[in-house]
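If you read the protein sequences in the order shown, they are chains A and B.
Last residue of the first sequence? That's 300 in this note's numbering, and every number before it is there in order.
Last residue of the second sequence? That's 249 in this note's numbering, and every number before it is there in order.
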Amino acid sequence: MTLDSRPHDEWRALAAAYALDALDADERAAFEAHRAGCAECRALADSYAPVVAGLGLAVDPDQPPASLRARTLARATAQPRALASTPEIRFPASTAVAPPRTQAGPAWWMVGASLAAAVALGVYSLSLRQQLGVLRALVTQASAEVQAVRAELASVRRDSSHLTTVVNVLTAADVRRVDLAGKDRASGATARAFVSQSRGLMFSAEHLPALAAGHVYQLWVLAPTPTSAGQPSPISAGLLTPGPDGSASATLPMPANVTLGSIAAVAVTEEPSPQGSATPTMPILLVGNAGR
Amino acid sequence: MAPRQSSDRQEQDLDADRQLVLAVADGSSEALGRLYDRHAATVYALARRILSRLEDAEEVVQDVFAQVWRQAHQYRTDRATVAGWIVMLARTRAIDRLRSRRARPDEDRGIDPAAASPMASSGPTPEQTVLAADVAARVRQALAGLPEKERDLLELAYYRGLTHTEIAEQTGIPLGTVKTRIRSGMDALRGALQS
Numbered sequence: 009m010t011l012d013s014r015p016h017d018e019w020r021a022l023a024a025a026y027a028l029d030a031l032d033a034d035e036r037a038a039f040e041a042h043r044a045g046c047a048e049c050r051a052l053a054d055s056y057a058p059v060v061a062g063l064g065l066a067v068d069p070d071q072p073p074a075s076l077r078a079r080t081l082a083r084a085t086a087q088p089r090a091l092a093s094t095p096e097i098r099f100p101a102s103t104a105v106a107p108p109r110t111q112a113g114p115a116w117w118m119v120g121a122s123l124a125a126a127v128a129l130g131v132y133s134l135s136l137r138q139q140l141g142v143l144r145a146l147v148t149q150a151s152a153e154v155q156a157v158r159a160e161l162a163s164v165r166r167d168s169s170h171l172t173t174v175v176n177v178l179t180a181a182d183v184r185r186v187d188l189a190g191k192d193r194a195s196g197a198t199a200r201a202f203v204s205q206s207r208g209l210m211f212s213a214e215h216l217p218a219l220a221a222g223h224v225y226q227l228w229v230l231a232p233t234p235t236s237a238g239q240p241s242p243i244s245a246g247l248l249t250p251g252p253d254g255s256a257s258a259t260l261p262m263p264a265n266v267t268l269g270s271i272a273a274v275a276v277t278e279e280p281s282p283q284g285s286a287t288p289t290m291p292i293l294l295v296g297n298a299g300r
Numbered sequence: 055m056a057p058r059q060s061s062d063r064q065e066q067d068l069d070a071d072r073q074l075v076l077a078v079a080d081g082s083s084e085a086l087g088r089l090y091d092r093h094a095a096t097v098y099a100l101a102r103r104i105l106s107r108l109e110d111a112e113e114v115v116q117d118v119f120a121q122v123w124r125q126a127h128q129y130r131t132d133r134a135t136v137a138g139w140i141v142m143l144a145r146t147r148a149i150d151r152l153r154s155r156r157a158r159p160d161e162d163r164g165i166d167p168a169a170a171s172p173m174a175s176s177g178p179t180p181e182q183t184v185l186a187a188d189v190a191a192r193v194r195q196a197l198a199g200l201p202e203k204e205r206d207l208l209e210l211a212y213y214r215g216l217t218h219t220e221i222a223e224q225t226g227i228p229l230g231t232v233k234t235r236i237r238s239g240m241d242a243l244r245g246a247l248q249s
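Here it is in structure tokens:
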């Protein structure tokens, strides 16, 4: 069965997921090929654009750090206004082909000259093709190098920004260290949290057990809440997925409405949903007293 | 606020955004700064919702406004509002970064502090434009009206960047059911925004 032979309803059924970017790569490519020639499916996929935008707008706004504005504007306005999609290749004037001259009438020597010219042009054409091939290869190679440099630069920027955040937390005047010990089936795991009211929280863990499919680790701080009558209550600080070696680290802001002095402990649980849970699922796998 | 006043203010907001994009297309860095002031909090929040690390979210903000600077002349008013255009750029950038990170499992794994909170848990803030707040309120209301099974899968696709197949693998729900629920949820949200 070829892709084009699918019933049209099957294509229509893919439009919402296409707009959501939830199709697998092969399905996406097939849909794009169909969409290119089907105005109805184009319009249908476009009709979901307000939903995709709306889901983004539905997230509660969060003011970025004040310093980000200047960095963002400086980086943006340093870029060229419009990037050409394909570089224009100009050939040197000396390689331009001269226009043919008009001739009054053929003569025997002209036939020979024409043959010679045809051979010369053939050779010249071949030479031009070879030059074009070389130029194309150079452009391809240069593009690949630019891409590699960009990727490396992005990686370095990320690492640099991450390290800056880590240093900010570790050097904060109010930083507090909390050592977490593993329990039960996580008894081999260790973790450490550095908490600062002003700079946020840095967390790192080693030897975390592998998670069951669809599960996630969730980090909690235990602190009084407005409804807990002064008693420490678990407040989610975020979700955590360890690497294959069981290690994980991250920086994150202090959970809302939590003050450093009120934190009694930091704990980690395994939650049965990839989105985490509103309350911890027992047992607690790692816990550390904040020494309040 | 009376509905008419609200509608007028929304239209003023839309127009202000469009004028700013036109000015950015003409090379006004000041206009880019004003667009940043109006929309950076939304971009940053969405990026944080999708990505683990704060610095990644900051990178997304920088990428998005660099893209706005480069492509302002390509913005088409008949395709999306400026806020919608910018938020879609943000979502694409954040998901690309998330998938790229997944493809490199040796990199640092992170925590998503926002992921544990339910989608759109509280009301709009003064920082949002009136229009964005209106759309946000309608999406929130529509989301609240969705069956939980559909809402959960939409969240996995939208905020975690998971495909149909990946969602089926991670949740154990049959692939056909995943497709049906996502489509149904998207249809319901589209209907709510059109009404």
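We put the CB at the ideal spot given by N, CA and C, even for glycine.
Predicted, not measured: the structure shown is a model, and the values here were computed from it.
At least one C-beta of chain A is nearer than 8 Å to the C-beta of V193 of chain B.
Shown here for L207 of chain B: same chain residues with a beta carbon closer than 8 Å to its own, the five before and five after excluded, namely I221, T225, I227, V232, R235, I236 and G239 in chain order. When the five nearest sequence neighbours on each side are left out, the beta carbons in the same chain lying within less than 7 Å of the beta carbon of H93 of chain B are those of A137 and I140, in order along the chain.
Only exposed fits T179 of chain A, as fewer than 16 other CB atoms lie within 10 angstroms of its CB. Taking C-beta atoms as the reference points, S257 of chain A and S212 of chain A count as a pair closer than 8 Å. Closest in alpha carbon position to L100 of chain B, among B:T219, B:A148 and B:E202, is B:A148.
Distance from the CA of G230 of chain B to the CA of R205 of chain B, rounded to the nearest whole angstrom, comes to 16 Å. The three-state reading of DSSP puts S212 of chain A in strand, counting E and B together. Distance between P252 of chain A and A157 of chain B, taken at the CA atoms: about 13 Å.
A contact is defined here as three or more CB-CB pairs under 8 Å, and the region 156-168 of chain A fails this definition with respect to the region 263-273 of chain A. In this structure, A120 of chain B and R83 of chain A form a Cβ contact; the two beta carbons are roughly 6 Å apart against a cut-off of 8 Å. Residues of chain A whose Cβ lies closer than 9 Å to the Cβ of S83 of chain B are, in chain order, L81, A84 and T85. Residue nearest to H215 of chain A within the set A:A237, A:G222, A:F202 and A:A189 is A:A189 (criterion: CA-CA distance).
Residue contact with chain B for L52 of chain A: absent (no Cβ-Cβ distance below 8 Å to any residue of chain B). In summary, the residues of the region 25-45 of chain A whose CB is separated from some CB of chain B by less than 9 Å are A25, A27, L28, D29, A30, L31, D32, A33, E35 and R36, in the order they occur in the chain.
Nearest in C-alpha terms to A231 of chain A, of all of A:P242, A:P288, A:P291 and A:S55, is A:P242. Among the residues facing chain A, A222 of chain B is not included, as its CB has no counterpart in that chain under 8 Å away. Residues of the region 126-152 of chain B with a C-beta less than 8 Å from any C-beta of chain A: H127, R133, A134, T135, A137, G138, W139, V141, M142, A144, R145, T146 and I149, listed in chain order. S204 of chain A: member of the beta strand (DSSP E) spanning T198 to S204, first to last residue. The bridge partners DSSP lists for L227 of chain A are A:G246 and A:V276.
In this chain, the alpha helix (DSSP H) harbouring T80 of chain A covers S75 to T85.
D192 of chain A counts as exposed, since fewer than 16 other C-beta atoms from the protein chains shown sit within 10 angstroms of its C-beta. Going by beta carbons, T277 of chain A and P288 of chain A fall inside the 8 Å limit.
Proximity of T231 of chain B to chain A, defined by a Cβ-Cβ separation below 8 Å, is not satisfied.
Burial is judged here by how many other beta carbons sit within 10 angstroms of a residue's own beta carbon; Q116 of chain B has at least 16 and is buried. The Cβ of V75 of chain B sits no closer than 8 Å to any Cβ of chain A. With contacts defined by Cβ atoms closer than 8 Å, A196 of chain B and A242 of chain B form a contacting pair. Contact between the region 13-27 of chain A and the region 50-64 of chain A is established, with three or more Cβ pairs separated by less than 8 Å. Under the 8 Å criterion on CB atoms, D71 of chain B is classed as non-interfacial with respect to chain A. Interface flag for L68 of chain B against chain A is unset, since no Cβ pair is found closer than 8 Å. In this structure, the alpha-carbon of Q226 of chain A lies about 37 Å from that of G87 of chain B.
With 16 or more neighbouring CB atoms inside 10 Å of its own CB, Y90 of chain B falls in the buried class. Among the bridge pairs identified by DSSP, A189 of chain A is matched with A:T198 and A:V295. Put simply, the CB of S106 of chain B is near chain A, with a gap under 8 Å to one of its CB atoms.
Residue-level contact check: Q116 of chain B touches chain A, since one or more beta carbons of chain A fall below 8 Å from its beta carbon.
For T267 of chain A, there is no enclosing alpha helix (DSSP H), since its DSSP letter is neither H nor E.
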